[in-house]
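In mature numbering (1 follows the signal peptide of the UniProt record, and there is no 0), the protein residues as written are -29 to -1, 1 to 372.
As structure tokens, then:
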């Protein structure tokens, strides 16, 4: 949609086509107070920021008689068919400090924490609309965009049935869970509390699958298996190398403090991430990530997740590794600078001391000349005749020169 808006800048007539959608997205978005009538048909994601938007305010949600299920975000989050509803206060929150709840002041003017809806307990999640805590979803069930916490992350701790052939057989992973959307991968029945069986690829050995992780077919290190919300479906990210995969490339757009449009591309796939795999954009198969210096087209292709000018480079947060010769050169530079400073200070002090010694020597030499002159003056004064009215003058050492 962002790209479509850019193209419309060159072709203004296309605004006539997308204008009704833009108006519908912004009509009564988040303005209705509690108790106001609403319609869940207007619940959707913003076309640019992908933020949940409803007719109700950020503190309420549109409740109908059948909003106790999780529907597809592209249609309706409340699960209604466009019928009438009522904006009521949200029943749960997903963040510690949710958006829209400003601090209030009591009668004494002291800030107090507003009444926040509760956070959900473990194994529960709060949907985007805040309609109440719900049980986590199992693989194959519908989830809301980018909400990995809605998917059950404990599937690897469920009971496993040991197959006869651990290599060519599949592992049946039985999970009992609440049926939310009426269907699941490998499930032949639906309904509340019924058993669902999920199939895990044969290349994952039963004796190597544990609660915390699993090993791949090469016998390498433990690979953490993720359960993520991919394409609005809870998906187990356990696809191996050269196997078909799916990916989700979402562009988020927002404006910075200067009003400049900033875009963020979030790439997600169902390949074993810790195995150094990613889903190729063209091949649609899990490929090995590229090392530093290899040619690349996107960040996801690189181990460092940083593709600069078509080359995989170090990520910005990578610590700089100092070479041994750099340590040695730094130490020698410090020692040389210290020795040079000490030598220069010593020479300056020596010159100052010599000049001071010379000044003191000249001072004492002058004093000795005065003493010698005074001593030689007494015999000459005694030899002069006493004549009334006559004053004799004696030449000083300075007058003799």
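All C-beta atoms, glycine included, are put in the ideal place defined by N, C-alpha and C. Bear in mind that the values here come from a model prediction, so they are computed numbers and not experimental data.
Buried versus exposed call for residue 321 [16 or more other C-beta atoms within 10 Å across all chains shown]: exposed
Which class does residue 124 belong to by DSSP, given the choice of helix, strand or coil? Residue 124: coil per DSSP, three-state reduction.
Taking the alpha carbon of residue 212 as the point to measure from, which residue in 311, 8, 255 has its own alpha carbon closest? Out of 311, 8, 255, 255 has the C-alpha closest to the C-alpha of residue 212.
Using the Cα positions of residue 106 and residue 198, report the straight-line distance between them to the nearest angstrom. 15 Å
Beta strand (DSSP E) containing residue 72: first to last residue? Unbroken run through residue 72: none, as it is neither H nor E.
Helix, strand or coil at residue 348 according to DSSP, with G and I counted as helix: helix
Three-state secondary structure assigned by DSSP to residue 105: strand
Ends of the beta strand (DSSP E) at residue 208? 204 to 208
Quick check on this structure: which residue in 226, 210, 232 has the alpha carbon closest to the alpha carbon of residue 259? 210
Look at the alpha carbon of residue 427 and the alpha carbon of residue 223, and state the distance between them as a whole number of angstroms. Residue 427 lies beyond the stretch modelled for the chain, which goes from -29 to 372, so this question has no answer here.
With DSSP as the reference, identify every bridge partner of residue 56, one or two as the case may be. 9
Assuming residue 242 and residue 122 form a contact by the criterion Cβ under 8 Å, report the distance between their Cβ atoms to the nearest whole angstrom. With 8 Å as the limit, residue 242 and residue 122 do not qualify as a contact, their Cβ atoms being about 17 Å apart.
Below 8 Å, how does it come out for the stretch 22 to 32 and the stretch 58 to 69: are there three or more Cβ pairs, yes or no? Taking a contact to require three or more Cβ pairs closer than 8 Å, the stretch 22 to 32 and the stretch 58 to 69 qualify as touching.
Can you find at least 3 beta carbon pairs, one from the stretch 262 to 270 and one from the stretch 226 to 233, that sit closer than 8 Å? Counting C-beta pairs with one atom in each stretch, the stretch 262 to 270 and the stretch 226 to 233 have fewer than three that are closer than 8 Å, which means they do not touch.
With a threshold of 8 Å on Cβ separation, who are the neighbours of residue 226 within its own chain once the five nearest residues in sequence on each side are excluded? Only 232, 233 meet the Cβ criterion.
According to DSSP, is residue 311 part of a helix, a strand, or is it coil? helix
N- and C-terminal bounds of the beta strand (DSSP E) containing residue 276: No beta strand (DSSP E) holds residue 276; DSSP gives it neither H nor E.
Beta-carbon of residue 209 versus every beta-carbon of chain C: anything under 8 Å? Although the question refers to chain C, the structure presented lacks it and comprises just one protein chain.
Nearest-angstrom Cα distance between residue 338 and residue 329? 14 Å
Enclosing beta strand (DSSP E) for residue 219 [first to last residue]: 218 to 226
Do residue 205 and residue 297 count as a contact pair if the criterion is CB distance below 8 Å? no
What would DSSP say about residue 235, mapped onto helix, strand or coil? strand
Beta-carbon gap between residue 88 and residue 71 smaller than 8 Å: No.
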